[in-house]
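Residue numbers (the numbering used here), protein chains in the order written: chain A, 1 to 406; chain B, 407 to 617; chain C, 618 to 815. We put the CB at the ideal spot given by N, CA and C, even for glycine. Report on one structure; see the data block that follows.
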Amino acid sequence: MINTVTEHAGGAASSAGNLPGVATEPNFAITPKISGDGSREGELLEISMGPHHPSTHGVFRMDVVLEGERIVKLKPVFGYLHRNHEKIAEGISYLGSMPYTDRLDYFCSLTNNWAYALSVEKLAGLQPPERAEYLRVITAELTRLINHTCLIGFLVQDMGALGTPLMYAFREREKILDLFEALTGARMMCNYMRFGGCRVDLPPGWLEQARRVVDNYPRFLDEYESLLTENEILVARTQGVGVLPARLAINAGVTGPMLRASGVDYDIRKVDRYGIYDRFDFRVPLGAHGDVYDRYMVRVLEMRESVKILQQAIRGLPDGPIMDAKAKLRNFRPKAGEAYGRIECPKGELGFYLISDGSPNPYRYRVRPPSFINLTILEDMCLGQKVADVVIILGSVDIVLGEVDR
Amino acid sequence: METLEQIKARIEAALPGAGLRLIPNDSPANQPSLLVDNAHAVAVASFLREDAQLQLDYASNVTGIDWPESVRKEKVKVKKVIDGVEKEVEELIEKKRPGFLEAVYHLYSMTLKQGPVILRLRTENRSDKAHLPSLTAVWRGAELQEREIYDLFGIVFDQHPDLRRILMWDGFQDHPMRKDYVEPDDYEYEPTPHDKVLEKAKRHYASEANR
Amino acid sequence: MLGEGIIKGMVVTATNFFGSYVSAERLVTVQYPEERLPPQENARNFPFLVYDGDDPDRGLRCVACKICEKECPPQCIYIVLERDEKGKPQKRPRIFDLDISVCMSCQICVEVCPFDAVKMDTEYELSDFDRFKSLLLNKQRLAKSNTYYRKIHPAEAEEVDARLADQVAKAEAKRKATAMAAATAVKPAPAAQPALSQ
Numbered sequence: 001m002i003n004t005v006t007e008h009a010g011g012a013a014s015s016a017g018n019l020p021g022v023a024t025e026p027n028f029a030i031t032p033k034i035s036g037d038g039s040r041e042g043e044l045l046e047i048s049m050g051p052h053h054p055s056t057h058g059v060f061r062m063d064v065v066l067e068g069e070r071i072v073k074l075k076p077v078f079g080y081l082h083r084n085h086e087k088i089a090e091g092i093s094y095l096g097s098m099p100y101t102d103r104l105d106y107f108c109s110l111t112n113n114w115a116y117a118l119s120v121e122k123l124a125g126l127q128p129p130e131r132a133e134y135l136r137v138i139t140a141e142l143t144r145l146i147n148h149t150c151l152i153g154f155l156v157q158d159m160g161a162l163g164t165p166l167m168y169a170f171r172e173r174e175k176i177l178d179l180f181e182a183l184t185g186a187r188m189m190c191n192y193m194r195f196g197g198c199r200v201d202l203p204p205g206w207l208e209q210a211r212r213v214v215d216n217y218p219r220f221l222d223e224y225e226s227l228l229t230e231n232e233i234l235v236a237r238t239q240g241v242g243v244l245p246a247r248l249a250i251n252a253g254v255t256g257p258m259l260r261a262s263g264v265d266y267d268i269r270k271v272d273r274y275g276i277y278d279r280f281d282f283r284v285p286l287g288a289h290g291d292v293y294d295r296y297m298v299r300v301l302e303m304r305e306s307v308k309i310l311q312q313a314i315r316g317l318p319d320g321p322i323m324d325a326k327a328k329l330r331n332f333r334p335k336a337g338e339a340y341g342r343i344e345c346p347k348g349e350l351g352f353y354l355i356s357d358g359s360p361n362p363y364r365y366r367v368r369p370p371s372f373i374n375l376t377i378l379e380d381m382c383l384g385q386k387v388a389d390v391v392i393i394l395g396s397v398d399i400v401l402g403e404v405d406r
Numbered sequence: 407m408e409t410l411e412q413i414k415a416r417i418e419a420a421l422p423g424a425g426l427r428l429i430p431n432d433s434p435a436n437q438p439s440l441l442v443d444n445a446h447a448v449a450v451a452s453f454l455r456e457d458a459q460l461q462l463d464y465a466s467n468v469t470g471i472d473w474p475e476s477v478r479k480e481k482v483k484v485k486k487v488i489d490g491v492e493k494e495v496e497e498l499i500e501k502k503r504p505g506f507l508e509a510v511y512h513l514y515s516m517t518l519k520q521g522p523v524i525l526r527l528r529t530e531n532r533s534d535k536a537h538l539p540s541l542t543a544v545w546r547g548a549e550l551q552e553r554e555i556y557d558l559f560g561i562v563f564d565q566h567p568d569l570r571r572i573l574m575w576d577g578f579q580d581h582p583m584r585k586d587y588v589e590p591d592d593y594e595y596e597p598t599p600h601d602k603v604l605e606k607a608k609r610h611y612a613s614e615a616n617r
Numbered sequence: 618m619l620g621e622g623i624i625k626g627m628v629v630t631a632t633n634f635f636g637s638y639v640s641a642e643r644l645v646t647v648q649y650p651e652e653r654l655p656p657q658e659n660a661r662n663f664p665f666l667v668y669d670g671d672d673p674d675r676g677l678r679c680v681a682c683k684i685c686e687k688e689c690p691p692q693c694i695y696i697v698l699e700r701d702e703k704g705k706p707q708k709r710p711r712i713f714d715l716d717i718s719v720c721m722s723c724q725i726c727v728e729v730c731p732f733d734a735v736k737m738d739t740e741y742e743l744s745d746f747d748r749f750k751s752l753l754l755n756k757q758r759l760a761k762s763n764t765y766y767r768k769i770h771p772a773e774a775e776e777v778d779a780r781l782a783d784q785v786a787k788a789e790a791k792r793k794a795t796a797m798a799a800a801t802a803v804k805p806a807p808a809a810q811p812a813l814s815q
């Protein structure tokens, strides 16, 4: 009944799966031609699943052409939350952009901060001290926990679960947000990382509270899984839906849990080994079929791995300074040049490409948004599926409009 | 992974006539890039993807950059005849670099877990010849990002399957990320305007008075 | 058995529902606005100006150096330096306006202030009907005393007070040392003077 998810160290691409209505050949064509000579006029219905929609995870629009209930063509429309963050960043200093990066993927702000800090450190040649690296790992993995549980909650709510699993997820999220508030001062817009380390050190008692939250987490996950994983409704609605073949995923630039659910072993924490991730012992879960159920299971297993990393990091946290001694807060002028830094944020690969010309403001500041690029193959996954499945597939892609539109 | 010089040599051996140039990178990040001419861009991209040693099958980031026309003053020693005596004089000559738009591709390999290899493509100028070949046929991941570059910078990608505006609305004119972009007049009342907002306010009220 | 997964899930829901009557772990909400959770110690909301002592005008730590105005990312601070009748700048702001409809609570102004004059407040019930009168905080509204700062952020305030007292002590010691050096340097001169005045 339940397809097991195979975890293996080497990457093996899975087959596309011969499911009715889904093309077996990887579809690299962009605009599929609607077959016919115009004789089917009047049979196709064009709907705009418009920006005001409770299930599109923000102001996101899809122009959908339907034949009955099956999707024939789907075009996503972006830009409703476009704030031109990249141009704002060209007008303020490097430090001033840091609060704006919080607002990109507003659901997990600390990983955005880390990606930006990493790129600037590559550009300027700064090296954060060890304690700062451990703090960065701890906060990033906590962010991964809150993102994945709430994402599963949203996915199940889109299926009609009326918010009960989502509220259980939010209960755990609140505990972690309390930790963030005690450490950084704000629950969501944390603005915590600086170029060369972290802004402020741990308040007394924080580590104990974090240890309690992290040790309690597997119990919560067991309860969450017994609520959802073997649920017949969930299994029937997600298995076989929205299959993404591995070759298409690699070619389309998909990253994150979506890519790993299709069977491709590419986790930037293991590939680039940025920060101090090579000191921690954790596995990378992979899916076998690339459907929505695999993406759900990959996220649940990633949460368990994050708990393992957190326990190791909290145990091994050393003492010491939290900022690089060479780092400057004001009048920060990196040498002219460019750098591209990337991390594994909960949604995929978040990268920042910075070009500096020696002045306090960047010359070009580019965000590589994972949610935006993961939407390249939304149409390919949805062709032949029903309208109700489109909502679930979009939920499993895990988009946040702040990042898609910047 | 081999260095960029070695990769450049191999591409030149495989595709003779491809105009390649290594652009160094001064920052500590040590990420030099390869400038490719527009005629051979698709061929070079296919070579990089199919080559057995590189297998760069993942285009991670496609960026657009605007380089407006810049003038650089350089001091040059010139021999001049002054009052009948030949002397060496330092003169300031102006070096003009014409403006162009640029697209930068960051390429990685998911199968061999290596990278990045950075490609650059430049247009001829910023106005009528701002065309570049689209690499969407080689890497599907460049599709939406090239659309965004068209929308925000104005580079037209030839052979792109669906080139239209993506982040701005369909009827929008002009390209917002260019350095010489002029914002439309959208000043709203603010109680204490200062610096840039004050200039905006003055312009706004001046244009309102003229109407 | 078909339906086993759903029954398992319903058992979890029932545990949570009935458990919320007995255990505090399951019932995690408070009835706002009748009950309010106290803010955590490090929480931040909008900035305020600190003054020492009792007089918000004389004791204000801010010297109108305009560093926070320059570093603020959304440019929500507006400062005008106070000058006396002759035009000489006094080390005080005449106008210090902070627009909290623009402020994004990023705390950069606090970080860059060299005089510990701007700190973060925890007050969040600031909504009102008029945007331009009540969301533009001026100097009088922003100035709050150091005792208030010690109440909302005790650990931070203690550290800041210790550092400022240290600075004052160092400045005092330096002043004494230069006064001593000047006194010892002045003494030989009066002996030479009577010879000159004749």
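- Contact of Gln437 (chain B) with chain A by beta-carbon distance below 9 Å involves Lys122, Gly337, Glu338, Ala339 and Tyr340.
- For Tyr766 (chain C), no CB of chain B lies under 8 Å from its own CB, so it is not counted at the interface with that chain.
- Between Glu338 (chain A) and Asp267 (chain A), the alpha-carbon positions lie close to 24 Å from each other.
- When CB distances to chain C are screened at a threshold of 9 Å, the residues of the region 83-109 of chain A falling below it are Ile88, Ile92, Ser93, Leu95, Gly96, Ser97, Met98, Pro99, Tyr100, Asp102 and Arg103, in chain order.
- Bounds of the beta strand (DSSP E) holding His512 (chain B) are Phe506 to Ser515.
- By the neighbour-count criterion, in which 16 or more other beta carbons inside 10 Å mark a residue as buried, Val510 (chain B) falls on the buried side.
- For Asp432 (chain B), the chain A residues whose C-beta falls within less than 8 Å of its own C-beta are Lys335, Ala336 and Gly337, listed in chain order.
- When secondary structure is reduced to three states using DSSP, Pro706 (chain C) falls in the strand class.
- Using a CB distance cut-off of 8 Å, Asn231 (chain A) counts as an interface residue toward chain C.
- Within the same chain, Pro165, Leu166, Leu228 and Leu234 come within 8 Å of Val156 (chain A) by CB-CB distance, once the 5 residues on both sides are set aside.
- Look at Ile71 (chain A) here: in three-state DSSP terms it is strand.
- The alpha-carbon separation between Leu440 (chain B) and Tyr353 (chain A) amounts to approximately 16 Å.
- Neighbours of Gln757 (chain C) in chain B, taken as residues whose beta carbon is under 7 Å from its own, are absent, since the nearest beta carbon is some 15 Å off.
- DSSP lists B:Val510 as the bridge partner or partners of Thr469 (chain B).
- Using a Cβ-Cβ distance cut-off of 8 Å, the region 489-506 of chain B and the region 467-480 of chain B are in contact, since at least three pairs of beta carbons, one from each stretch, lie closer than that value.
- Residues of chain C with a Cβ closer than 7 Å to the Cβ of Arg171 (chain A) are, in chain order, Val645.
- Residue pairing from DSSP leaves Leu541 (chain B) without any beta-bridge partner.
- Contacts with chain A at 8 Å (Cβ-Cβ) include Ala465 (chain B).
- Contacts between Gly263 (chain A) and chain B, judged by CB atoms closer than 8 Å, are missing: the closest CB pair is about 12 Å apart.
- Burial check for Ala89 (chain A): the Cβ neighbour count within 10 Å reaches 16 or more, so the residue is buried.
- With respect to chain B, the C-beta atom of Thr376 (chain A) has a partner C-beta closer than 8 Å.
- Straight through space, the alpha carbons of Arg283 (chain A) and Lys308 (chain A) are spaced by roughly 10 Å.
- Beta-bridge annotation (DSSP): Gly197 (chain A) is paired with A:Arg194 and A:Met323.
- Around the Cβ of Ala236 (chain A), a 10 Å sphere holds fewer than 16 other Cβ atoms; the residue is exposed.
- For Ala419 (chain B), the secondary structure class from DSSP, reduced to helix, strand or coil, is helix.
- Counting only the Cα atoms, Met98 (chain A) lies some 21 Å from Pro434 (chain B).
- Neighbours of Lys683 (chain C) in chain A, taken as residues whose beta carbon is under 7 Å from its own, are absent, since the nearest beta carbon is some 13 Å off.
- Within chain C, the residues placing a beta-carbon under 7 Å from that of His600 (chain B) are Tyr695, ordered along the chain.
- Between the C-alpha atoms of Arg792 (chain C) and Gly704 (chain C) there is a straight-line separation of about 29 Å.
- In this structure, the straight-line span from the alpha carbon of Phe78 (chain A) to that of Tyr514 (chain B) is close to 27 Å.
- Secondary structure within the region 50-99 of chain A: the beta strand (DSSP E) runs of 3 or more consecutive residues, fully enclosed, are 61-67 and 70-77 (chain order).
- Taken atom to atom, the span from the alpha-carbon of Gln724 (chain C) to that of Lys683 (chain C) is near 15 Å.
- Take Ile71 (chain A), set aside five residues on each side of it, and the residues of its chain with a beta-carbon closer than 8 Å to its own are Val64, Val65, Cys382, Leu383, Gly384, Gln385, Lys386, Val387 and Val390, in chain order.
- Across the region 702-733 of chain C, CB contacts with chain B closer than 9 Å involve Ile712, Asp714, Asp716 and Val719, in sequence order along the chain.
- At a cut-off of 8 Å between beta-carbon atoms, Arg546 (chain B) makes contact with chain A.
- Asp557 (chain B) and Pro731 (chain C) have their C-alpha atoms some 43 Å from each other.
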